[in-house]
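Going line by line, the protein sequences match chains A, B and C.
At the far end of the first sequence sits residue 311, using our numbering, and the numbering has no gaps.
At the far end of the second sequence sits residue 1925, using our numbering, and the numbering has no gaps.
At the far end of the third sequence sits residue 2245, using our numbering, and the numbering has no gaps.
For glycine and all other residues, C-beta sits at the position ideal for the given N, C-alpha and C.
All values reported here derive from a predicted model rather than from experimental measurement.
To keep things clear, I will list the structure first and then write my remarks on it.
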Amino acid sequence: MHPAYSVIFFTTASGVGYGMLILIGILNALGYLSNDVTYGIIIFLLSLGLITCGLLASTFHLGHPERAWRALKEWRSSWLSREGVMALLTYIPACLLAINWIIFGQTNGVNAATGLISSFCSILTVYCTAMIYASLRAIPAWNTPIVPTNFLLLSLTTGCFYLNAVDVFFGQSSLELLVINLIFISSAAFVKIKYWNLIDNGKDHTTIGTATGLGALGKISVLENPHSSKNYLQREMGFKIARKHSRKLRKITIFFLFILPILLIAISIGVQRIAYILLITTAISGSVGIIIERWLFFAEAKHVVANYYNS
Amino acid sequence: MHLLNGKIRYIEGNPDHPVNKGVLCAKGSAGIMQHYSPARLSKPLRRVGERGSGEFEEIEWDEALNIATSWLSEIRANDPKRLAFFTGRDQSQALTSWWAQQFGTPNYAAHGGFCSVNMATGGIYTFGSAFWEFSEPDWDKTKYFIMFGVAEDHDSNPIKIGLSKLKTRGAKYVSVNPVQTGYSAIADEWISITPGTDGLFVMSLIHELLRAGKVDVDYLIRYTNAPYLVIDNPGEADDGLFARTENGEELCWDSRTDKELSHKTPGLKPAMKGAYTLENGKKVRPVFQILAKRYLDQSFSPRNVARKIGVEVNVISRIAKEIATVAFQEEIIINEPWVDWRGEKHTQMIGRPVAMHAMRGISAHSNGFHTCRAIHLLQILIGSIDCPGGLRYKAPYPKGFNSLPKPTGRPNQVNPNTPLPGPHLGFVQGPEDLLVDEEGNPARIDKAFSWDAPMAAHGMMHSVITNAFRGDPYKIDVLFMYMANMSWNSSMNTAETIEMLTTKNQDTGEYVIPKIIYSDAFFSETVPYADLIFPDTTYFERWDCISTLDRPISDAEGVADAIRHPVIEPDRDVRPFQDVLIDLGGRLKLPGLINEDESVKYPDGYRDYIINHERTPGVGSLAGFRGMDGLEKGKGAPNPNQLESYIKNGCFWYDKIPDNAAYFRHANKNYLEYACNMGFIKDTTPVIFNVYSEPQQKFKLAGQGLGEHIPPKTHMDRIKKYFDPLPIWYETLEQEPENKENGFIIHAITQRPAAMYHSWGSQNAWLRQIHGSNRLFIPKLLANQLSVNDGDWVYVSSRKGKIKVRVKIMLGLNNKTVWTWNAIGKRSGSWNLQSNAEEASEGFLLNHLIDDSLPRNKHNYSFSNSDPITGQAAWFDVRVKIEKITNTQEDTLSVSEPNFDKLILPPKMPVRPNIIGYNVNTETE
Amino acid sequence: MTSLPKNTERKLGLVIDLDVCVGCHACSVNCKEWNTSGYHGPLTDTNPYGEEPSGVWFNRVHSYEIEHTNGHAQTIYFPKSCLHCEDAPCVTVCPTGASYKRSEDGIVLVDEDLCIGCKLCSWACPYGAREYDSHEGVMKKCTLCIDKIYNKNLPEESRQPACVSTCPANARHFGDLGDPESELSKKVRERGGFDLMPEQKTQPINKYLPPRTRQMKPELIQKTELEDASPEGGFLGWIDKILED
């Protein structure tokens, strides 16, 4: 699949933002977060800011962004519609919490409940986003429950990177959150590698044989494409990265998204003096990693329509 | 065509139309983009810079016509042959040939010489018609159909319609073609033959049929010259000619009375084999004896031809058996009484339902004429010409070759300010009919109808530029061309052709070919090399007639012709070429185009001419709605409302041939009378099938130095070798030992894609998306030998040139053949495409590999790279070598080679749009 | 409404006969011609005279080669356009309801006024039936020539999709595949018409008819040849017999 930058930006940025919101709501309800106003401004600016920028980016990617509001209509059948609805709904509890936190400095009581609702909505939003891809049978690599799991875990992982970075900035670093981050990283890595194994070794149920219905006659190859220049289908859905390039990029992803953060976080637990610089670096490393991961997510996914065209 | 808001909304097939019956191919469906192409020329142009520079100035029509008139009137008054007028992709030969005749130059032809004259002559000399536009398989009744060398070609939609019907009915369809695309893809059996060897294949089938006695002897006796007696007198001038009575009737040996009798004798029972002696002592043998002896020779057995033709032995024998089985055990009987030309009444029409069709894959070889005759011989031996289920004539054919005019243009027939006494093109019956001077030198610039190409019935357009440049046989002054892309895909060895057009005489500083006038609708690669441009309209802006005097739209069931009428007003200063020609003819005061008072005879141009011109009394361009009342057909006085009647009738006219005239038309009295009344033929003389072609024997004798007219020494061996009264097979002329020695052994051919029309298609925004570039298709075996994969660059070289192209591996391809789509490669800048369009950067032509001349023979004579009998351009004879390019530096260039300098657009060409959103319902386009 | 109708009155669709398609592209160009001024008009072409022209087409003709197990090669032409699936994934993914399936005849359409150009429907379609018109910002697709098949201004026989009317080889057919007794449904049964990508579970309405078996017939491979005509009577002895009759 053609990796469109606006979509990559949207899912990664909003992934970070929703991950932060999920953690904020839960941790706040458990009383782990300070109700400091400045702190509140930063975490909500960051999380809601990233979410909003992401949503705007994906909206401007549309052919008719002025009609984007129409996308809320078909939530009964469309995951994209559901995501739109959930994204908007999530703003309500999130903003309520943010307002109370920032303006009134209140984070407990009702606000704790609001926060939990915000976390719950965020989880659903990320889930809906992931299901847009996972529900597509035409892209077999995505058509697995591993995908929403992967999205959620990465959202939590990267959101946690950013929250930890903000915490250390405010001198409020918590050991528990760092350990939780390590757990997230490990789980996400586990799922990510499982995903790659699946797409590497999985069987293609749709082949040129089933695509033409003539598979029983023999081995089928393309003689000529219907048009001599690339068409929309080939540009949008024909792109598939070469194996040796993808392997390299996977290694880079693992390094920046998992290995380096694990190292840096572990060290920062041990050597608290330099935790500040380490955890900021972690957030940056994680950002680089998640962008490449998401780029690969598209680039490694083959749409079955590619069966009709030259490989 | 449907218009909305003055623009074209939709073009579809006319369901009532006899030819397409409502269907429409890709090219027709893309008519909108053809018409609105930014490649359209918009004003007459006069060259002001060097040829090829693209420097033109726009001029008014009057000035353009005055220039042409001054050039041409000077020629006409002094030396008419200095005008060479040749037309390309058009269908207006009925007008252009007649115009050239009125002008008086011998140098006219249309494009048949480089297209498919082998089919036309092979057919007409044999059975009075030809594959291609003059006959069609009996699609509804045939049970076995073999097609040789046909890719998308004439006549495409009826073939598609017919093949579909035939397959649905369960008839077997065999396609013989080195490439498995298009029609061959849906064949029941595809025979991957080696190019140029189809003749051997057919002769092997004939061998099998003769061996098994599966021959329709009755048919041969009734309708052919197979029983005629041939004189056996080697070394003398009558050897191999027919024995005749005193009044010229051919003799047969009557086995009842055991003596020689005229073939017309009622009750004759002719012998088909044996040897006899005439009363006058001459030894004779029936044609059939000679024929059988030849083809029963073991050299034609399947075992002995298999390897050469690339077809397995058992496939050859099986096909022969299938043909025989269907022809003789699956007869079709139609209970329709008819009368033959002898007056004998028949109660039934019996059909041997095997049909065949062949086209360019046979024609474009230097052995194509004989191969085509071999196919017809096969059809005749099984009695399948014009019988139910066989190959059926299309009116106005059949026409016996000896009823057709002979060519005109000998030096004593060419005089200043005088029309030629007859039409240029025709059918020679012997060396006495050649267009040569007293020394035997060619009278025509293209050397057609000379010893170079005695039966060049369609001229040799592909030789004109070379011969004019060399001044051999003489120099010309004006080259006048219409719709022929000679500076690109219509020439062999394009670069050399361009050089010939641009070379100047060192002494005079003038171009060697002094003046070039060119007419076309679009900015092609040829436009920059002309001196004067007449911009043509598109086909929506003009009158046209598809006439029985040229190549009408008849089918087997009836005679039909058609018109085009203008539906859109030109939005630029262009005129239909036919109108321009008539205008020019008036200014030149050509006799047929002016009245006695010298006023213009057809003031309303082509429209006027179509209605009012009479080629012979009562016979005009269109056969329908004739007479003052519009009720006469075939022959009748001009009808001023004729064109309105055509338009009302869907732009065509159709007359069904009566049922009792439907088959055996070559011998069917009912048909012959019908055809005579319609003006197709002069009298009801039947067409006797020439299994044995006596004109061929006359040439063979000349090559032996016998007879009154003999060829020059330089030509004798060739004439002796290649002329033969019965079909022969020989290695194509390109395959000299040198080619083999230098490794040029792979065959390189092209096919026409279904969605393009010759070079037209690249200026069409829709069609060029389908074929914007081309690859060289190579067989898997060769790819493995060379270690190439899809998309790799290779060098393809021949003895003449070298090109660099990308390959695609194909499985369904003869192992010794490579091919590509025809005419996709374009020159940068041409057709108003962006200069780096894929057609120019990746697209390529094979033309650069093909020499337009053969290497000089031992007498130092350079023949055209053509069939030695008809002059047909031997496009598909070329042999090549393929080499993988391993030097990675070459790869990075990623353009095909050779690459030519970009062409500059003439002034005021339309701006290319970056986006087309064609919708007649909205304002913007 | 992007939920699919439970059932449709008719199931209009196309049947493509791969046995007689010669790959001439008439269908794809005629479709473009009809539709560029029709329901989804225009079918934009970008860079039409340039280096990489790219246009919106509803029907495209692919060419394939099949290598049979016995080594024979077969060339197949494969036109492909929207299959108007019963369980159309392009309909359910659409967030705005622009993509819908009609309950009266099963035709899947795009309402251009509602489309936001998110392209998700083209991702959902396994067959590549939907294309994005970058100039207009909306998705377009085969409409089964809805503006032609019901068009009372046209004579009855013209009320067929453009691709069907124009096909010279009679390789395309149009009708109600929901009616098991329709001529078209019978033809599909007779010829063994099949679905494309059945494992994608889209339940396509369009059916493809397979090429009739050809060179695989065993009798074609056996050695078989004509028998010698009787050798008595010498050269061409058999002809005497014929001439005596």
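Cβ-based burial, residue i [other Cβ within 10 Å; buried from 16]
i: Phe298(A); result: buried
i: Gly2013(C); result: buried
i: Lys251(A); result: exposed
i: His1370(B); result: buried
i: Arg273(A); result: exposed
i: Ala1820(B); result: The sequence given here has Thr at residue 1820(B), not Ala. Classification of Thr1820(B): buried, given that the 10 Å Cβ count is 16 or more.
i: Asp1090(B); result: buried
i: Ala1495(B); result: exposed
i: His1376(B); result: buried
i: Asp1571(B); result: exposed
i: Lys1700(B); result: buried
i: Asp204(A); result: exposed
Separation of residue j from residue i, as counted between CA atoms
i: Val1023(B); j: Leu1291(B); result: 44 angstroms
i: Phe2194(C); j: Lys2207(C); result: 5 angstroms
i: Arg1912(B); j: Tyr2049(C); result: 7 angstroms
i: Met2216(C); j: Gly209(A); result: Model confidence at Met2216(C) stands at a pLDDT of 48, short of 50, so the residue's coordinates are unreliable and nothing is read from them.
i: Asp1340(B); j: Val1174(B); result: 33 angstroms
i: Arg1352(B); j: Leu1391(B); result: 10 angstroms
i: Glu1208(B); j: Pro1727(B); result: 16 angstroms
i: Phe1522(B); j: Ile1770(B); result: 20 angstroms
i: Asn1649(B); j: Lys302(A); result: 55 angstroms
i: Phe1114(B); j: Glu236(A); result: 45 angstroms
i: Asp1447(B); j: Met1460(B); result: It is worth fixing the name first, because residue 1447(B) is Lys in this sequence and not Asp. Lys1447(B) and Met1460(B): Cα-Cα distance of roughly 7 angstroms.
i: Lys1167(B); j: Val2020(C); result: 8 angstroms
i: Val1287(B); j: Ser1129(B); result: 21 angstroms
i: Cys2031(C); j: Ile1533(B); result: 36 angstroms
i: Ala1443(B); j: Pro1106(B); result: 8 angstroms
i: Arg1051(B); j: Ile1516(B); result: 10 angstroms
Heavy atom of the ligand ATP within 7 angstroms of residue i beta-carbon
i: Tyr1125(B); result: In the structure on display, the ligand ATP does not appear, and there are no ligands present to speak of.
Note to self: Taking beta-carbon pairs under 8 angstroms, can you tell me which members of the segment 124-138 of chain A lie near chain C?
What the structure shows: Here the close residues are Ile132, Ser135, Leu136, Arg137, Ala138.
Check: Per the contact definition of three or more C-beta pairs closer than 8 angstroms, is the segment 1070-1086 of chain B in contact with the segment 1040-1050 of chain B?
Finding: These segments do not touch.
Checklist line | Stretch-stretch touch, CB-based, cutoff 8 angstroms, three pairs: the segment 1495-1510 of chain B with the segment 1460-1475 of chain B | finding: Cβ pair count under 8 angstroms is three or more, so yes.
Next item on the list: Can you give me, in chain order, the residues of the segment 216-230 of chain A that have a beta carbon less than 8 angstroms from any beta carbon in chain B?
Entry: Within the segment 216-230 of chain A, the qualifying residues are Ser221, Leu223, Glu224, Pro226, His227, Ser228, Ser229.
Item checked: the segment 1837-1862 of chain B: positions lying closer than 8 angstroms to chain A by Cβ -> Within the segment 1837-1862 of chain B, the residues whose Cβ lies closer than 8 angstroms to some Cβ of chain A are Glu1838, listed in chain order.
Notebook entry, point to check: Can you list, in chain order, the stretches of the alpha helix (DSSP H) that have 4 or more residues and sit fully within the segment 193-223 of chain A?
Noted result: DSSP assignment within the segment 193-223 of chain A yields the following whole alpha helix (DSSP H) runs of 4 residues or more, N-terminal first: 208-212.
Next item on the list: Write down every uninterrupted run of the beta strand (DSSP E) in the segment 1030-1057 of chain B whose length is 3 residues or greater and which is fully enclosed by it, in chain order.
Entry: List check, beta strand (DSSP E) in window: 1045-1047.
Margin query: Measuring CB atoms only, is the segment 119-135 of chain A touching the segment 14-26 of chain A, in the sense that at least three cross pairs come out at less than 8 angstroms?
Written below: With the cut-off at 8 angstroms, the segment 119-135 of chain A and the segment 14-26 of chain A touch.
Notebook entry, point to check: Hey, is the segment 1743-1753 of chain B in contact with the segment 1190-1199 of chain B, meaning 3+ C-beta pairs nearer than 8 angstroms?
Noted result: Contact between the segment 1743-1753 of chain B and the segment 1190-1199 of chain B is present: 3 or more CB-CB pairs across the two stretches fall below 8 angstroms.
Notebook entry, point to check: Taking one C-beta from the segment 1783-1793 of chain B and one from the segment 1813-1829 of chain B each time, how about it: are there three or more such pairs within less than 8 angstroms?
Noted result: The segment 1783-1793 of chain B makes no contact with the segment 1813-1829 of chain B; the number of CB pairs closer than 8 angstroms stays below 3.
Check: Do three or more CB pairs link the segment 1607-1618 of chain B to the segment 1632-1643 of chain B at distances below 8 angstroms?
Finding: Because the criterion of three Cβ pairs below 8 angstroms is met, the segment 1607-1618 of chain B and the segment 1632-1643 of chain B touch.
Margin query: I'd like to know if the segment 1826-1843 of chain B and the segment 1900-1916 of chain B are in contact, where contact means that at least 3 CB-CB pairs between them fall below 8 angstroms.
Written below: Output reads yes: the segment 1900-1916 of chain B touches the segment 1826-1843 of chain B.
Margin query: Short of 9 angstroms Cβ to Cβ, which residues in the segment 2036-2058 of chain C face chain B?
Written below: Listed in sequence order: Thr2036, Ser2037, Gly2038, Gly2041, Pro2042, Leu2043, Thr2044, Asp2045, Thr2046, Asn2047, Pro2048, Tyr2049, Gly2050, Glu2051, Glu2052, Pro2053, Ser2054, Gly2055, Trp2057.
Check: Does the segment 1397-1404 of chain B touch the segment 1685-1692 of chain B, meaning 3 or more C-beta pairs lie closer than 8 angstroms?
Finding: Yes, the segment 1685-1692 of chain B is in contact with the segment 1397-1404 of chain B.
Check: So, do the segment 1704-1712 of chain B and the segment 1224-1241 of chain B have three or more beta carbon pairs nearer to each other than 8 angstroms?
Finding: As far as the Cβ criterion goes, the segment 1704-1712 of chain B touches the segment 1224-1241 of chain B, which means the pair count is three or higher.
Check: What runs of the beta strand (DSSP E), each 3 residues or longer, lie entirely inside the segment 1308-1376 of chain B?
Finding: Taking only runs of at least 3 residues, the beta strand (DSSP E) segments lying wholly in the segment 1308-1376 of chain B are 1332-1334, 1349-1351, 1354-1358.
Next item on the list: Could you name the residues of the segment 1764-1786 of chain B whose beta carbon sits closer than 7 angstroms to any beta carbon of chain A, in the order they occur along the chain?
Entry: Answer set for the segment 1764-1786 of chain B: Gln1769, Ile1770, His1771, Gly1772, Ser1773.
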